[in-house]
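Residue numbers (this note's numbering): 266 to 660. For every residue, glycine included, the Cβ atom is placed at its ideal position computed from N, Cα and C. Quick caveat, the model's predicted, so the values are computed rather than measured.
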Ligand SMILES: O=C(O)CCC(=O)C(=O)O
Ligand SMILES: [Fe+2]
C-alpha cells in the first residue's frame, strides 16, 4: 500500500513533530541538556503523557499497532510485566525526579538515570522501582549449571551439525524479500546480544510497551536511533513513557546491515536478470532499530511496518531483521490473514530483508520454539530463553 493510495498516510504527509517538553530542572538547567520528569501523580503508566501538560506529544501523522499484538497484563508472568514502564507508575504518588543526559550513545554507566526524590526517598528504593529487563540475567563468565535432557542435547547437536554443514545460504522468498540463512556468525551473535544487554539495562533500554487501557505488548522492546511509540505509531527523539533518549545504533550493527544488503543484491543478481538490482531491493542506511525480546510465549500479530516516512515507504526502503536466540515461526503474506500467509522459520543468525515490492507485506511471529538457540551462544552470553530480534529501518 503506498502513501498515496488512500491509506492513513495520505493525510499525513508532513514530518512528525514529536516532542517531550519538560519543565526546567530545579537548578535552572534546561531542555536539550537534561530531561526532567516533573512531580509525578496518577496511577497509570500513560500518565506521563496525559496528566502532565508539560510533557506533551504531538505528531504530524499517526498509526497504531495491530490489536493482535496486544495482550492483557494478567496473562503474563510477573517477571515479564514488571518492566520499567509498568513499575514506574506504582511510584507516581510520590514525587520523583529523574534526570539523565540525552547526549549521543555513551557507555551505560554514563547514561544511567540520575534518580532523586523530592520526598527524600532513597535512591535504592527508586532504583528497585525502575527495574531494568536483563536479557542475559547472569553475568557472562558465571558458570551455568544446565542439565538438558538427552532429547534436548541431541536436538542441539543435530541443529549445530546442520548449521555447520549448511553454511550460510540465501533464498529470494519473493520480489524484494531475501532470507540470508545462518548469516550472522556465532561471534557476531554474541556481540550483538551482549551489546543489546548493555543498552537494554541503561536509560532508554528495554521496557514492556503498554496501552492506556493497561494492555501490554507480549514482548520487551527498546529503540535505537529514534524512538518508536507503539501506541501512537510515531517516531520521535524521546520516548513518551519516561522521556528517555534512545541510544544510538552501534557502528558494528550498521556494518552488518550494509553487508547484508550488499550480499542480498549479489544473490538477486544471480537469480534474476535485472539491469539495476536496486530497483528490486533499494539500499538503505538505517537510522532506527527496534529491538524486541520475545520470551517463550512472545508473539507478534500480523501487521505492516508503515510508520516510517512516506518517502521511505514509497521508495520501498527495506526493513532488515536479525534473529538471535530461539527460532521463530514467522508468517508473511499480502493480507492480514494467518491462513493465507506463508510460513518460514527464522533461526538464530538468520537475516531477513524485505523492501521494494515486499515492503508492505503483512508479517508476524506466531511462535517461539523453545530450546532451539545455539548452545555456543547461550554459553557465551547466558541469553535467557527466548528470541532477540532487531529490525533496522530508515525513517
Ligand atoms: O520479530 C520479528 O521477526 C519481526 C519483528 C517485527 O516485525 C517488528 O518489530 O516490526
Ligand atoms: Fe514488523
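Among the options, nearest to residue i - alpha-carbon criterion
i: residue 586; options: 493, 554 and 609; result: 554
i: residue 622; options: 630, 590, 561 and 547; result: 547
i: residue 521; options: 496, 450, 403 and 603; result: 450
i: residue 653; options: 488, 467 and 580; result: 488
i: residue 514; options: 544, 563 and 490; result: 490
i: residue 398; options: 440, 462, 441 and 455; result: 462
i: residue 602; options: 593, 618, 613 and 630; result: 630
i: residue 635; options: 582, 625, 571 and 563; result: 563
i: residue 615; options: 593, 507, 599 and 625; result: 593
i: residue 613; options: 599, 651, 600 and 581; result: 651
i: residue 598; options: 501, 582, 482 and 619; result: 619
i: residue 625; options: 582, 492 and 604; result: 582
i: residue 655; options: 477, 584 and 504; result: 584
i: residue 543; options: 604, 641, 580 and 574; result: 580
i: residue 640; options: 441, 455 and 440; result: 455
Residue interval of the beta strand (DSSP E) (run including residue i)
i: residue 618; result: 616–619
i: residue 596; result: 592–598
i: residue 485; result: 485–489
i: residue 578; result: Looking at the DSSP string, residue 578 is not in any beta strand (DSSP E); the run it does join, the alpha helix (DSSP H), is 575–579.
i: residue 637; result: Segment: none, residue 637 is in no beta strand (DSSP E) and carries neither H nor E.
i: residue 655; result: 652–658
i: residue 608; result: 607–611
i: residue 566; result: 565–568
i: residue 401; result: Where residue 401 is concerned, there is no enclosing beta strand (DSSP E), given that its DSSP letter is neither H nor E.
i: residue 553; result: 553–559
i: residue 437; result: 434–439
i: residue 442; result: 442–446
i: residue 494; result: 492–494
Rounded distance between the beta-carbons of residue j and residue i, thought under 8 Å
i: residue 577; j: residue 611; result: Not confirmed; about 23 Å, so no contact.
i: residue 590; j: residue 638; result: 5 Å
i: residue 565; j: residue 484; result: 7 Å
i: residue 569; j: residue 627; result: 6 Å
C-beta neighbour in chain D for residue i, strict 8 Å
i: residue 436; result: Within the model displayed, chain D is absent; a lone protein chain is all it includes.
Distance between residue j and residue i (C-alpha atoms, nearest Å)
i: residue 206; j: residue 541; result: A query on residue 206 cannot be resolved here, the shown segment of the chain reaching from 266 to 660 and no further.
i: residue 519; j: residue 457; result: 12 Å
i: residue 438; j: residue 606; result: 13 Å
i: residue 533; j: residue 402; result: 40 Å
i: residue 460; j: residue 475; result: 25 Å
i: residue 643; j: residue 453; result: 13 Å
i: residue 537; j: residue 436; result: 12 Å
i: residue 549; j: residue 433; result: 23 Å
i: residue 595; j: residue 560; result: 15 Å
i: residue 285; j: residue 523; result: Note that residue 285 scores a pLDDT of 46, beneath 50, so its modelled location is shaky and nothing firm can be said.
i: residue 660; j: residue 552; result: 6 Å
i: residue 400; j: residue 649; result: 6 Å
i: residue 320; j: residue 499; result: For residue 320, the predicted structure reports a pLDDT of 28, less than 50, and the residue's modelled location is therefore unreliable. A value from the coordinates is still provided. Going from the Cα of residue 320 to the Cα of residue 499 covers about 16 Å.
i: residue 647; j: residue 466; result: 15 Å
i: residue 481; j: residue 572; result: 20 Å
i: residue 512; j: residue 468; result: 8 Å
i: residue 479; j: residue 608; result: 31 Å
i: residue 545; j: residue 473; result: 36 Å
i: residue 470; j: residue 493; result: 13 Å
i: residue 501; j: residue 535; result: 39 Å
i: residue 600; j: residue 510; result: 35 Å
i: residue 504; j: residue 645; result: 32 Å
i: residue 558; j: residue 495; result: 15 Å
i: residue 539; j: residue 477; result: 48 Å
i: residue 293; j: residue 508; result: For residue 293, the predicted structure reports a pLDDT of 33, less than 50, and the residue's modelled location is therefore unreliable. The matter cannot be settled from this model.
i: residue 517; j: residue 464; result: 14 Å
i: residue 440; j: residue 617; result: 13 Å
i: residue 574; j: residue 604; result: 30 Å
i: residue 486; j: residue 497; result: 15 Å
Limits of the unbroken alpha helix (DSSP H) element including residue i
i: residue 458; result: 451–466
i: residue 506; result: Run containing residue 506: none; DSSP gives neither H nor E here.
i: residue 533; result: 516–536
i: residue 646; result: 640–646
i: residue 544; result: 542–545
### Task
Inspect the CB distances between the segment 437–453 and the segment 514–532 and report whether three or more fall short of 8 Å.
yes
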